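Undergrad: Numbering (our numbering), first residue to last: 6 to 158. Glycine included, C-beta positions come from ideal geometry on N, C-alpha and C. Given the structure is predicted, the values throughout are model-derived calculations rather than measurements. For reference, the structure I am asking about is given below.
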């Protein structure tokens, strides 16, 4: 893997609908998700599937959202687990990549939903279409840490 980005922050939610918690590191477990997150606990109202194990969003997307649409959305308010930098997430659909020592596979884009709009503002929906992040599957067990390199090819 030759290209490198960086992990800027990590967010988990112990219960659906609760505010996110920012953490410095998290244990990623294949088939379960991120330890401490409601999905890991098996209490996701949308059920379980590989594409719900972990979600990512680009710092550059949040900056563009503010610049283009005057919408200020913090990384935690995006409801994604990981904030990345210098990683073209849309290009990782169907591909394996690494964050530190953990291998992930991009499954599909993480399109904005009405729940996100209800927590922020309605204009976030059209503004984030096709750039709302990435849903990924965890392929290897390990600890993900803020500052970890993100490698992809």
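Starting from the N-terminal side, write out each stretch of the beta strand (DSSP E) that is 3 residues or longer and does not extend beyond the segment 85 to 124.
TA: 87 to 90, 101 to 104 and 107 to 114
Undergrad: The alpha helix (DSSP H) with residue 56 in it runs from where to where?
TA: For this step, residue 56 is matched to residue 51 along the chain shown. No alpha helix (DSSP H) contains residue 56, which DSSP labels as neither H nor E.
Undergrad: Spatial neighbours of residue 116 within its chain, please: CB distance less than 8 Å, with the 5 preceding and 5 following residues excluded, ordered by chain position.
TA: In the chain shown, residue 116 corresponds to position 111, counting from 1. Excluding positions up to five away in sequence, the list reads 133, 134, 135 and 137.
Undergrad: Mapping DSSP to helix, strand and coil, what is residue 68?
TA: Position 63 of the chain shown, counting from 1, holds the residue named residue 68. Helix, per DSSP.
Undergrad: Grab me the residues of residue 98's own chain with a C-beta within less than 8 Å of its C-beta, minus the 5 sequence neighbours each way, in chain order.
TA: Taking the chain shown and counting its residues from 1, the one referred to as residue 98 is at position 93. If we look at residue 98 and ignore the five residues flanking it on each side, its Cβ neighbours are 111, 112, 113, 114 and 139.
Undergrad: Does the beta-carbon of residue 14 have 16 or more other beta-carbons within 10 angstroms, so that it is buried, or is it exposed?
TA: Indexing the chain shown from 1 puts residue 14 at position 9. Residue 14 should be labelled buried.
Undergrad: Compute the beta-carbon to beta-carbon distance between residue 59 and residue 94, rounded to the nearest angstrom, for a pair I have assumed lies under 8 Å.
TA: In the chain shown, residue 59 corresponds to position 54, counting from 1. In the chain shown, residue 94 corresponds to position 89, counting from 1. Your pair residue 59 and residue 94 does not check out as a contact, with CB atoms roughly 12 Å apart and the cut at 8 Å.
Undergrad: Roughly how many angstroms lie between the CA atoms of residue 43 and residue 104, to the nearest whole one?
TA: The count along the chain shown starts at 1 and reaches residue 43 at position 38. The count along the chain shown starts at 1 and reaches residue 104 at position 99. One C-alpha to the other measures close to 21 Å.
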